[in-house]
Structure formats: C-alpha cells, structure tokens
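Numbering follows the working numbering, with no gaps: position 280 of the sequence shown is 335.
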Amino acid sequence: MIKTDALIIGAGPTGLFTAHQLKLIGLNCEIVDNLDKIGGQCIELYPDKPIYDIPAVPECTGEELTNNLINQLKPFDIKFHLSERVEEVKKEKNDWIVKTSNNKIFLTPNVIIAGGVGSFEPRKFPLKECLKFENNSIFYSIKDKKIFDGKTVSIFGGGDSALDWAIELSKNSKVNLIHRRDEFRGAQATVNTMQDLVKSGNINLFKKYQINNVKGSDKLESIEIKNDNSETKILKTDFVLGFFGLIMQLGPIANWGLNIDKKTIEVDTEKFETNQKGIYAVGDICNYPGKLKLILSGFHEGALAARACFKLARPNEKYRFEFTTSSKNIKNRLGVKSD
Ligand SMILES: Cc1cc2nc3c(=O)[nH]c(=O)nc-3n(C[C@H](O)[C@H](O)[C@H](O)COP(=O)(O)OP(=O)(O)OC[C@H]3O[C@@H](n4cnc5c(N)ncnc54)[C@H](O)[C@@H]3O)c2cc1C
C-alpha cells in the first residue's frame, strides 16, 4: 500500500500544475493516469497545435506546454503511475483507499480528481469474441514490439497509428493491413511509404474490409474479414492490432458517490471539494457556476485544492501563505539558494 498526502487522478495540465502546488507547500503526491504518457488532452489531442491563452506565454503547442509543466516539476520527486486507471475510491476512517486497474493501492487523506473529460480509452472491435483474446493476441496499443518479430500481425485502421505500425512491423513480421474504407486518414508521406511496401510485397493490404470473426483456443489462430459485398477471407494470424482512435469515458468516477451533472463533478469554489470530504475535482471535470473549461482555470482550481489538502494531511500544523519570491521554505523545496 502506497501512503501519500494526496493522490492526483489525471496527468493533464491541471493534474501536473496541482502536483507542483502540493509540492511547493510541502505535501507529497503521486499521479495516476490511464494514458501511457503525460499531458492529457494537450498531448493526446493537439500536441502540434498552438495555444494562445496561457498567461505570460504568448504561444506554445500542446506538447510544449506539457514539457514546460514537466520541467516545472523537475525539482520534485513525483511518482507517475501511467497506463493505470483508478477504479475504486473507498473511505477508511479518515483516509481514502484508492485502487487502480493494476491492483495498486493508495492510502491518502486527499484525492484530487483532475480527470478532464474522463479517461482516454481505445475504441475497440465491436465483436464480443475479441474480448477473449484481448491483451493476449489482440491489442489496442503496443508496449513491446519485439513480441511480433517473426509472427503474422493483422493491423486494422486507416489513421497514422495503423500506418506507422504497419510500416514499422513490416521490417520483422508478416503484416496484413485491413481498412474499412478506400481512403486513408494518415499523413500523405506515410500513406505513400505504406503503398510502396504493398507494391514490394512487404504489406498485404485489404481495403473496404472489416473484422467479421476470430478463431482460436488459448491464442488467436485466424480471423475472418468481410468486405462491403459480403465477400469473406480467412487470414491466419498470430496477433491483431486495432487502431481506431480513442474515446473519452467518465468510467468508474461515476460510481464514487459524487454529485455528477452532465459528466462533470459539482464542487465548491473555495476548496474545489466535492460532496465527499477529502475528494476534490479540478480542471475540465469540475463544475460550478461560471466554470470555464480552460487550462488557466484548472491551474487556479488546483492551487486552491492543494491548500485545502494541507489541513487533512497535516492536521496539527497551520498552513501559512508564502510567496515563492521570498519564502525560504519554498526555495529549499525547489533546491534553489535563498538570498
Ligand atoms: C482541440 C483542443 C484545443 C484546445 N485548445 C485550448 C486552448 O487554446 N486553450 C485552453 O485553455 N484550453 C484548450 N483546450 C482545452 C484544454 O485542453 C483542457 O481544458 C485541458 O486539457 C483540461 O485539462 P485537465 O488536466 O483538466 O484534463 P485532461 O487534459 O483531459 O487530462 C485528464 C487526464 O485524466 C486521465 N483520467 C481520467 N479518468 C481517469 C481515471 N479514472 N484513472 C486514471 N486516469 C484518468 C485521462 O486519461 C487524462 O489524461 C483545447 C482542447 C481541445 C480538445
């Protein structure tokens, strides 16, 4: 069991800045995110797009903002738990017990939900039979590409992820690329590379086909694909990869006894606390009169929620407001010299 002063759910911009605020006032925290990378919507949905309304930053991309927020956390030792979804939050005396999808358990007086529009989840194959092979022969993301070496891999999708992986895996595997449309959504240069590999026989391309059935006992052995004219083909395959983009789901957060309205959590505007003592909601996921779904609002909300955490994490101490420019305590925590 991991004990911490505060657990942050979500490593988007709000979760990252909230961690900074907690550490500045001397509290520990850990961050869990369902994605395999840090940055929330900024990194997943618009890494290359410029943002123009971050205070004192005239222009930066989603990726640059994320990197700056990560840099701002460098002085602190913050543990990130990525590719893990928080499943359960339960009260235990004065603390909360928080469980993740990887069976990690946290004990903390403060849970800060910075869950944005919910956890990002891969869009999956609609076939029920696919569930049996999930994470064994059917994957929606790749952690270790070596497992595909020398094997047959059937990749579904028409966007950049499907094309990039088809090109990459064709170096060491037999690759089938299956797409339900004629046109691909990926970058033109990637489409051209893929088409060259089809011509040279390194990728087998099936356009206007979709998955129709999967067969195998413990592991997948073959799949059936079907085209728009209901013609079917059986492909022997060791692995199937599906790249159909991500959907955002509130998921388990909906079951934690919080006041939820239109997929957002109601909070007060003093501490950003929910109807449960010690559970706060900040950033896009919180709701109060006048709420603006902007990054700058998340920063303000995180700063106030962090101060509220102090009371429960250090019940015998009094929180003292200090400026970063003049506080020796804060400078010590940042590892910078005091004047
Ligand atoms: C295309 C686009 C352009 C935008 N442009 C701007 C702009 O110019 N300026 C601006 O201010 N805002 C902009 N926004 C909005 C901005 O991105 C959001 O306000 C901001 O990302 C909210 O940050 P957040 O940290 O609250 O949530 P998010 O960025 O959504 O991060 C939440 C994280 O929580 C994780 N999570 C959720 N539930 C769980 C769970 N149960 N377990 C584990 N992890 C979980 C998710 O995986 C996600 O990574 C834009 C948004 C989009 C889509």
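Virtual Cβ for every residue (Gly too), placed ideally from N, Cα, C.
Taking a contact to mean a Cβ-Cβ separation below 8 Å, would you say A66 touches I93 in this structure? A contact, by the Cβ cut-off of 8 Å.
Coil, strand or helix - S272 by DSSP: In this structure, DSSP gives S272 a state outside helix and strand, which the three-state scheme calls coil.
Tell me which residues share the same chain as K78 and place their Cβ nearer than 6 Å to its Cβ, disregarding the 5 neighbours each side in the sequence. Residues F131 of the same chain have their beta carbon placed closer than 6 Å to that of K78, with the five preceding and five following residues left out of the count.
Three-state secondary structure (DSSP) of G70: In the structure shown, G70 sits in a helix (DSSP, three-state: H, G or I).
According to DSSP, is L120 helix, strand or coil? The three-state reading of DSSP puts L120 in helix, counting H, G and I together.
Quick check on the DSSP output: the alpha helix (DSSP H) that includes F354 runs from which residue to which? First-last of the alpha helix (DSSP H) with F354: 350–368.
Confirm the yes/no value for this check: CB of F327, any heavy atom of ligand 1, distance under 7 Å. If you check the C-beta of F327 against ligand 1, you find no heavy atom less than 7 Å away.
Could you check whether I57 and A74 sit closer than 8 Å to each other, using their CB atoms as the reference points? No, Cβ-Cβ distance for A74 and I57 is not below 8 Å.
Any idea what DSSP makes of D60, helix, strand or coil? Reduced to three states, the DSSP call for D60 is coil.
By Cβ distance, which residues of its chain are closer than 8 Å to E99, with the 5 residues on each side in sequence left out? Closer than 8 Å at the Cβ level, and outside the excluded window around E99, lie L90, K92, F175, L301.
Is the Cβ-Cβ distance between I340 and G170 less than 8 Å? Yes, the Cβ-Cβ distance between I340 and G170 is below 8 Å.
Below 6 Å CB to CB, which residues in the same chain sit around L389 once its five sequence neighbours on both sides are set aside? Within the same chain, L389 has close Cβ partners P130.
G81, enclosing beta strand (DSSP E) - first and last residue: First-last for G81: undefined, no H or E at that position.
With DSSP as the reference, label L186 as helix, strand or coil. In the three-state DSSP reduction, L186 falls in the helix class (H, G or I).
Using a Cβ-Cβ cut-off of 7 Å (strictly less than) and excluding sequence neighbours within five positions of D150, which residues of its own chain qualify? Around D150, the same chain offers L162, T163, P164 as residues with beta carbons nearer than 7 Å, after the five sequence neighbours per side are excluded.
Cβ of C364 within 8 Å of Cβ of D103? Result no, Cβ atoms of C364 and D103 do not sit closer than 8 Å.
Taking only runs that begin and end inside the stretch 294–326, name each unbroken beta strand (DSSP E) of 3 or more residues, in chain order. Every unbroken stretch of the beta strand (DSSP E) spanning 3 or more residues and falling wholly within the stretch 294–326 is given here in chain order: 294–297, 301–304, 319–321.
Is there at least one non-hydrogen atom of ligand 1 closer than 7 Å to the beta-carbon of P110? Placement of the Cβ of P110 at a distance of 7 Å or more from every heavy atom of ligand 1 is found.
By Cβ distance below 7 Å, which residues in the same chain neighbour Y34 in space, the five residues on each side in sequence not counted? Outside the displayed range of the chain (56 to 394) lies residue 34, so it cannot be described from this structure.
Quickly, what does DSSP pair P105 with across the bridge? List them, please. Bridge partners of P105: T116.
Use the C-beta contact count for Q407: other C-beta atoms within 10 angstroms, 16 or more gives buried, fewer gives exposed. No information on residue 407 is available, as it lies outside the stretch 56 to 394 that the chain covers here.
Helix, strand or coil for T379? Go by DSSP, reduced to three states. The answer is coil: DSSP assigns T379 none of H, G, I, E or B.
Through-space distance from A358 to F72, alpha-carbon basis: Rounded to whole angstroms, F72 to A358 spans 8 Å at the Cα level.
Separation of R140 from G306, as counted between CA atoms: The alpha-carbon of G306 is positioned some 9 Å away from that of R140.
Can you tell me the Cα-Cα spacing of I350 and G95, whole angstroms? So the alpha carbons of these two residues sit roughly 11 Å apart.
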